[in-house]
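Residue numbers (our numbering): 157 to 478.
The beta carbon of each residue, even a glycine, is placed where N, CA and C say it ideally should be.
Bear in mind that the values here come from a model prediction, so they are computed numbers and not experimental data.
Contents: one structure, followed by commentary.
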Amino acid sequence: MMFDKAKADALREQYPPGTRIKLEHMSDPYPVEAGTGGTIRFIDDAGQIGVDWDNGRSLSLIPGEDSFSVQQLQSLKLYMPMTVNIDRLDEWGDYIDDDPEQLTDQEAIGYARTIRDAIMKERSPEEAERGLMTYHREQDSLNAKVQSFRFDVEVRRNKLWGVAECELREPLNASEMSDLIDEVTGQASDGFGEGFEQRGLKTSDGDMIYASLWSDDPSWNIRTEQECFTPTALPEVCLSTLPSTGELVCIKRGESGYQPSSWETGNAEKNRRYADYTNSRRGITPAQEEAMLNGCILGWDTPAADPAYYEKHEAAAPSMSL
């Protein structure tokens, strides 16, 4: 098929750089595998579509010979409670002390716009396309399926929340969902969030506030939007260990079976400690974990997939005193 400049320009308007596609068929002696995702980078004057394929190849598409579909990005939000500390000015214009006081939820809400504006200013040009996924260096399935994630701030139910706004090219399986939550947690605690909370934000009164996406308080957790605001009896995803081997596995609500975790240590005790720590950071109780493990094995419509069964038995267990 011959393309003139007008047709090439029409293609450029239809498929701008950054458009996500999935290959259906390629007429080439050594084609990219059908079903592979890719990102359009350019369209030349001959109408050929330059693509960075998720498998590392860069073979161009030829309209009329090759076929593909545009991928619609899916949204996923992960919520984490924020804490805001304030260092107030005294009557002489000096900060009162070196240990800022923590604001109440209602007080923190009043600084939501200030904090959000500061987060927006932190975004750098190299993060324009993929946000903080830019710094995920591994060429794994998480890198292929997650287009981007960026931090933002929301006020919901009279509380200030940090939000990781994620764009997905494809749905995540249990292991990938767990890895994404770990990636976001790492950026909230040691990456973006660590630097952000150290940079004071001056208020209109001259006070200095420090906003934290992460906290070492045991009550801090990171959860999906549904888990936070329209909770079900079971979480979206959790970690567990197999009773027979101690292997660390990921479980996704509603899916049969489990998947090995990328954080497997080879040591049953370490696996158990990691599962306990991670689940607690996601607000997942032992009863919910037990129900998730049995649900993925025995079926999600069985009593074994109901956390209430284990909570009832725990409450009925006799206590011992010495």
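query: Taking the straight line between their C-alpha atoms, what separation do you get for Ser371 and Pro237?; result: 9 Å
query: Identify the continuous beta strand (DSSP E) that holds Leu404 and give its terminal residues.; result: Leu404 to Lys408
query: My output table needs one value for Arg437: the three-state DSSP class, helix, strand or coil.; result: helix
query: To the nearest angstrom, how far is it from the Cα of Glu420 to the Cα of Asn435?; result: 15 Å
query: Decide if the segment 270-287 is in contact with the segment 353-361; the criterion is three or more beta carbon pairs, one per stretch, under 8 Å apart.; result: yes
query: Assuming Gly362 contacts Ala344 (C-beta within less than 8 Å), just tell me the rounded distance between them.; result: With 8 Å as the limit, Gly362 and Ala344 do not qualify as a contact, their Cβ atoms being about 28 Å apart.
query: Going by C-alpha to C-alpha distance, which of Leu328, Asp308, Arg438 and Glu282 sits closest to Ala274?; result: Asp308
query: Which residues does DSSP pair with Leu316 in a beta bridge?; result: Val311
query: What residues are listed by DSSP as bridge partners for Gln258?; result: Asn241
query: Nearest-angstrom Cα distance between Pro387 and Ser216?; result: 45 Å
query: In the segment 159-222, which residue ranges form an unbroken alpha helix (DSSP H) of at least 4 residues, counting only runs that do not cross its ends?; result: 161-170
query: Can you tell me which residues form a DSSP beta bridge with Gly287?; result: Phe305
query: State the DSSP-derived secondary structure class of Glu321, mapped to helix, strand or coil.; result: strand
query: Do Phe224 and Glu285 count as a contact pair if the criterion is CB distance below 7 Å?; result: no
query: What is the residue span of the beta strand (DSSP E) that Ser396 lies within?; result: Val393 to Thr397
query: Just to check my reading of the structure: Ile337 and Ile378 have Cβ atoms closer than 8 Å, yes? What is that Cβ distance to the nearest angstrom?; result: 6 Å
query: Can you list, in chain order, the residues of its chain whose CB lies under 7 Å from that of Cys452, leaving out five sequence neighbours each side?; result: Ile407, Glu411, Ser412, Gly413 and Tyr414
query: Which value, in whole angstroms, describes the spacing of the CA atoms of Asp255 and Asp243?; result: 7 Å
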